[in-house]
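Asker:
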Amino acid sequence: MKAVIPAAGLGTRFLPATKSTPKEMLPVVDKPAIQYVVEEAVRAGIDDILIITGRGKQSIEDYFDISYELESVLKERNDFEKLEEMREISDMADIHYIRQKKPLGLGHAILCAKKHVDGDNFAVLLGDDIIFSEKPCIGQLIEKFDELNSSVIGVGEVPAEWVEKYGIVDCRAVDTRLCEIEGIVEKPSMDEAPSNLAVMGRYVFTPDIFECIDETGIGKGGEIQLTDAIKILTERQKVYAYRFEGRRFDLGDKTDWLKTNVEAALNREEFRDEMIKFMKEKISRE
Ligand code: UTP
Numbered sequence: 119m120k121a122v123i124p125a126a127g128l129g130t131r132f133l134p135a136t137k138s139t140p141k142e143m144l145p146v147v148d149k150p151a152i153q154y155v156v157e158e159a160v161r162a163g164i165d166d167i168l169i170i171t172g173r174g175k176q177s178i179e180d181y182f183d184i185s186y187e188l189e190s191v192l193k194e195r196n197d198f199e200k201l202e203e204m205r206e207i208s209d210m211a212d213i214h215y216i217r218q219k220k221p222l223g224l225g226h227a228i229l230c231a232k233k234h235v236d237g238d239n240f241a242v243l244l245g246d247d248i249i250f251s252e253k254p255c256i257g258q259l260i261e262k263f264d265e266l267n268s269s270v271i272g273v274g275e276v277p278a279e280w281v282e283k284y285g286i287v288d289c290r291a292v293d294t295r296l297c298e299i300e301g302i303v304e305k306p307s308m309d310e311a312p313s314n315l316a317v318m319g320r321y322v323f324t325p326d327i328f329e330c331i332d333e334t335g336i337g338k339g340g341e342i343q344l345t346d347a348i349k350i351l352t353e354r355q356k357v358y359a360y361r362f363e364g365r366r367f368d369l370g371d372k373t374d375w376l377k378t379n380v381e382a383a384l385n386r387e388e389f390r391d392e393m394i395k396f397m398k399e400k401i402s403r404e
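For what it's worth, the numbering used here labels the leading residue of the sequence shown as 119, then goes sequentially.
1) Taking 8 angstroms as the cut-off, decide whether the C-beta atoms of phenylalanine 362 and isoleucine 248 are in contact.
2) Determine the extent of the beta strand (DSSP E) in which methionine 318 is found, giving its start and end residues.
3) Taking the Cβ atom as the reference point for each residue, do alanine 359 and isoleucine 299 lie within a distance shorter than 8 angstroms?
4) Are the CB atoms of glycine 274 and aspartate 288 nearer to each other than 8 angstroms?
5) Mark methionine 318 as exposed unless 16 or more other C-beta atoms lie within 10 angstroms of its C-beta, in which case mark it buried.
6) Does ligand 1 have a heavy atom nearer than 7 angstroms to the CB of threonine 130?
7) Identify every run of the alpha helix (DSSP H) within the stretch 128–203, keeping only runs that are complete inside it and at least 4 residues long; order them along the chain.
8) Can you find a heavy atom of ligand 1 that lies under 7 angstroms from the Cβ of aspartate 246?
9) State the beta-bridge partners of arginine 205 as determined by DSSP.
10) Using the Cβ count rule (16 or more neighbours within 10 Å means buried), how would you classify methionine 397?
11) Take the Cβ of serine 402 as the centre, count every other Cβ of all protein chains shown within 10 Å, and call the residue buried at 16 or more, exposed below.
12) I'd like to check one pair, valine 281 with alanine 311: are the Cβ atoms closer than 8 angstroms?
13) Measure the alpha-carbon distance for aspartate 236 versus isoleucine 331 and round it to whole angstroms.
14) In angstroms with no decimal places, state the Cα-to-Cα distance between aspartate 371 and arginine 205.
15) Between the Cα of leucine 266 and the Cα atoms of Asp346, Cys297, Thr171, which residue gives the shortest distance?
16) Check whether the Cβ atoms of glycine 337 and aspartate 346 sit closer than 8 angstroms, and answer yes or no.
17) Drop a sphere of 10 angstroms on the beta-carbon of asparagine 283, count the other beta-carbons inside from all chains shown, and report buried for 16 or more, exposed for fewer.
18) For ligand 1, is there a heavy atom less than 7 angstroms away from the beta-carbon of isoleucine 299?
19) Inspect the CB distances between the stretch 216–232 and the stretch 165–180 and report whether three or more fall short of 8 angstroms.
20) For ligand 1, is there any heavy atom lying closer than 7 angstroms to the beta carbon of glycine 223?
21) Taking 8 angstroms as the cut-off, decide whether the C-beta atoms of alanine 126 and alanine 211 are in contact.
22) Please classify lysine 141 as buried or exposed, where buried requires at least 16 other C-beta atoms within 10 Å of its C-beta.
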């Protein structure tokens, strides 16, 4: 299965950092956010990845490319460990790029992948959402997709006051983690929200989603919304929501980016003790 990673958004919530740096390239400890996303896809067995980029996103392509200059300096210095690490980044997967000429919305970004996907089922991982889990989140969704032969969307519960930041699903429970989507709405108010189950940046689609995006007009925020296309898809075939195992962070949000760094550092042996010590000291001083 191929994966599509939309990364062409403007990232206005993270200005000024994102004025000249793509939010997908913001570091989380020592790696850019998008590397975590690519690694998740690779861990799930995906080796063909299409990244949707746009103006000002050249650094994403450079990052996954070979850096001859850097490699030759590392070789001269006999730093073979770093050299190996750099090579692993460029060898991770077969990565392709296509530009979304204007940031017309997530739905439109995915439509740019139609030719590359070429009529197959495909996975979508948002380039600014990081999910920490034992089993890669997208792998959990692919497993369900194979079982059900229907599109599956990753969801998670959010506090009621957060529903207006997400796509929210209306669902009929199948089991504790799985439900069939009966409705979906983009960024509803607390009163309008049909539940507190939010779409979390991971999807596996049948290629029929493209036809639905084609039929989707301009939605919330003046953008072509993927949520509106999913709504059309649910009217034509079964679409499921799956409450995946894992913790999701939205890198486009400043507080979430800070939390992601703390979580990622605490997950790493080399930083863990020092970070805990620092935070305890900081809290006791407050
Ligand atoms: P967001 O909803 O976070 O939008 O996009 P944004 O425009 O990037 O950020 P803000 O709201 O201005 O801060 C979710 C994902 O969809 C991609 C983004 O790059 C991100 O990975 N996206 C969004 C596109 O690829 N194209 C678009 O037109 C919009």
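Cβ coordinates follow ideal geometry from the N, Cα and C atoms, glycine included.
Answerer: Based on what the coordinates show:
1) no
2) Here the beta strand (DSSP E) through methionine 318 covers 315–323.
3) yes
4) no
5) Taking all protein chains in view, the Cβ of methionine 318 is crowded by 16 or more other Cβ atoms within 10 Å, so the residue is classified as buried.
6) The answer is yes for threonine 130.
7) 151–161, 176–182, 186–194
8) yes
9) Arginine 205 pairs with nothing; no bridge assigned.
10) exposed
11) With fewer than 16 other Cβ atoms from the protein chains shown falling within 10 Å of its own Cβ, serine 402 counts as exposed.
12) yes
13) If you take the alpha carbons of aspartate 236 and isoleucine 331, they lie about 15 angstroms apart.
14) 31 angstroms
15) Cys297
16) yes
17) Residue 283 is actually lysine in this sequence, not asparagine. It counts as exposed.
18) no
19) yes
20) yes
21) no
22) buried
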